[in-house]
Structure formats: C-alpha cells, structure tokens
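To start, the structure itself, in structure tokens.
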Amino acid sequence: MSETDEKPARVTAGVTFAARLAFEQVSHRFVSDQVTLEDVTLAAEPGEVLCLLGPSGSGKTTLLRIAAGIETQSAGRVLLNDREIAGPNVFLPPEQRSIGLVFQDFALFPHLTILDNVRFGLTALSREEAKGEAMIALSRVGLEGYAGAYPHVLSGGEQQRVALARALAPRPAVLLMDEPFSGLDSRLKDTVRAETLAILRQSRATAIVVTHDAEEAMRLGDRIALLRAGRLVQVGTAEELYLRPADLFVAGFFSELN
Ligand code: ADP
4 MSETDEKPAR VTAGVTFAAR LAFEQVSHRF VSDQVTLEDV TLAAEPGEVL
54 CLLGPSGSGK TTLLRIAAGI ETQSAGRVLL NDREIAGPNV FLPPEQRSIG
104 LVFQDFALFP HLTILDNVRF GLTALSREEA KGEAMIALSR VGLEGYAGAY
154 PHVLSGGEQQ RVALARALAP RPAVLLMDEP FSGLDSRLKD TVRAETLAIL
204 RQSRATAIVV THDAEEAMRL GDRIALLRAG RLVQVGTAEE LYLRPADLFV
254 AGFFSELN
C-alpha cells in the first residue's frame, strides 16, 4: 500500500489536508436499547466548519465519538473521502483515521510542558521531528513562546489553543471539537471563538464543532446540522435555518436570536 493510500498527503508545512467526512445512515443504540442516533446521513465538506447543534442528549457527542472511532455505530458507515473507516465489516482504529479531537475540558496533562502536551500524539516521529511539528502547531496558535511552560500558567483561552495545537499537530484531515468553548468564561468566549475560527481557516482543516448554543453555531459554522432526539432535523447555512426553518423545533431553536 502506498503512503497516499494510508494517510492524506502533506501539502505545505503546518497545513492540514482537508477531507470530506461522511456519515451514511448511521444509527446507534446504547446497551439499554435506547435510540441515540437514528439513520443520520450527513457530510462535512473539505475545509468547511460544520456545527452540530442540538439540545443536550440529542446525540451530538455520540456522532463525534463514532467518527473518532471511540464508539461504534449499530448500523451505517462513516467515510473519509472515499475510504470507509467504519462500517458493518470495517473498523479503522482511531490512530489511523487522521481525525483530531478537541475535548470540552481541553484534557491537557498538568505535569507535562506545553511542548510535551502537543508532542504527545506524535509517536510515529523521531523526538526531534516531533518537536519541530509541535513547534509549528504551537506557532499556528500563537503560543510558541510558552513551549517550556506548564498548563497551569495559561489562561483558559490559551489552554484551549494548546488543545487545538495538540489536535492539529499530526495534521489531521478532519478536526472534531466537542463543546470547545463551554469551559470558558463568557467574556472570553467571543475572542477565543474568533481566534479558533481563524486558526481553522489557516490550517484548512475540515472541522465538526459540537455545540448546544444556536448563536455559537451561527457565528462559527459554514453550515449547521440540527439534531433532535438522535435524528437530523435540518442542515443548511445559518441563514437558511433562521429564515426557512424546516419545522417549529428549528424555528424555536433560533427564535431567541436577533
Ligand atoms: P449530546 O452530545 O447531544 O448531549 P450524547 O451523544 O452525549 O448527546 O447522548 C445521547 C443520548 O445517549 C443521551 O440520551 C444520553 O443520556 C445517552 N448516553 C450517552 N452516553 C451513554 C452511555 N455511555 N450509556 C448509555 N446512554 C448514554
């Protein structure tokens, strides 16, 4: 198998190769047999920021976890470009998916320096190469000056950027972010959101961002996918959902916005 079969080509230093991530008729049940996801067909197009919006319990995190390979769907498949990464007879391990994940609580290791936190996932590279890649990722988020510091000296917004650098360091084809701003002070949120969007645009990653906040989805998403009780209700631009909601649920979600 050639290298291009195995992982997306590297384009320019520090720039991610954007891919299309598609869910085809994905359903999911937990052991209790409660429906978590029902027949979800949805794709994030190369380089777009797709927001997964919905109330708590609507299945957003489960859909991300299925894409990342830390949860398995009960039916349907997931494709990265044309390659099936999860399906009835296929399960590509998370580390081979070229998918980066940013957790809600940033999940930085407090006892490791910022550099080592970012270098953590780069195990396939030599120590020096990993350091170089980690420094590129840190400079992408404007924190190369903090390489030797420990996470506790950073503000919440800066820690979020380190988590972003760690996810971008292996140059994933797709970046998944689960409520990435919910742990931040409300005064910081706007700034960090704008910074994150700029970094995503520069790195050209395809990104799926989970949020329960309609305003956040409208600010961030090129498109928004709205979930309710495990079903996809509507996908479109913020304008489409706001001006032409598919039903009262969608209208209600956006009604408090100006
Ligand atoms: P969201 O991210 O939209 O809040 P989730 O994907 O976390 O939704 O959860 C969807 C549904 O699955 C919820 O009803 C939740 O209670 C249930 N659920 C989540 N994790 C588990 C689990 N480990 N076992 C059983 N049910 C779960």
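Residue 130 in the numbering used here is what sits at position 127 of the sequence shown, and the numbering runs on without skipping anything. Glycine is no exception: its CB is placed at the ideal position from the N, C-alpha and C atoms.
Pull up the distance between the alpha-carbon of residue i and that of residue j, whole angstroms please.
i, j, result
"E219", "I102", "23 Å"
"I202", "D108", "19 Å"
"A249", "G255", "11 Å"
"V144", "A168", "6 Å"
"H155", "F112", "10 Å"
"L146", "I73", "29 Å"
"A12", "G62", "With a pLDDT of 37 at A12, under the threshold of 50, the predicted position of this residue should be treated as unreliable, though the coordinate-derived value follows. Distance between the alpha carbons of A12 and G62 is about 32 Å."
"L244", "V213", "17 Å"
"L40", "S77", "9 Å"
"V165", "P175", "16 Å"
"S5", "S189", "At S5 the pLDDT is 41, less than 50, meaning the model places this residue with poor confidence; the figure from the coordinates comes in the next sentence. Looking at the two C-alpha atoms, the distance is approximately 47 Å."
"V105", "L157", "17 Å"
"G171", "L125", "Looking at the sequence shown, residue 171 is not Gly but Leu. Between L171 and L125, the C-alpha separation is close to 11 Å."
"E131", "F123", "13 Å"
Write down the C-beta distance between residue i and residue j rounded to the nearest angstrom, noting that I regard them as a contact closer than 8 Å.
i, j, result
"V1", "F252", "There is simply no residue 1 to check, as the chain begins at 4 and stops at 261 in what is shown."
"P49", "R23", "5 Å"
"L275", "G159", "In the structure displayed, the chain extends from 4 to 261; residue 275 sits before or after that span and is not available."
"A71", "P97", "6 Å"
"F26", "G79", "7 Å"
"A140", "I117", "With a Cβ gap of about 11 Å, A140 and I117 do not count as contacting."
"I211", "L67", "7 Å"
What is the residue span of the beta strand (DSSP E) that residue i lies within?
i, result
"D181", "177-181"
"F26", "24-32"
"A89", "86-90"
"V43", "38-47"
"Q237", "234-239"
"A201", "Segment 189-206 is the alpha helix (DSSP H) holding A201; no beta strand (DSSP E) there."
"L230", "226-231"
Which residue wins for smallest C-alpha separation from residue i, given the options the options?
i, options, result
"D216", "E182, F106, D42", "E182"
"V29", "E87, E51, I139", "E87"
"Q163", "V93, G151, E198, L45", "E198"
"N120", "P91, A152, D225", "A152"
"D225", "L200, L246, R231", "L200"
How is the alpha helix (DSSP H) around residue i delimited, first residue to last?
i, result
"L118", "117-122"
"R164", "159-171"
"G135", "130-143"
"I73", "I73 -> no alpha helix (DSSP H), and no H or E assigned at all."
"A220", "217-223"
Under 7 Å Cβ to Cβ from residue i, same chain only, skipping five residues before and after it: list those, please.
i, result
"A21", "P49, G50, A176, R207, A208, T209"
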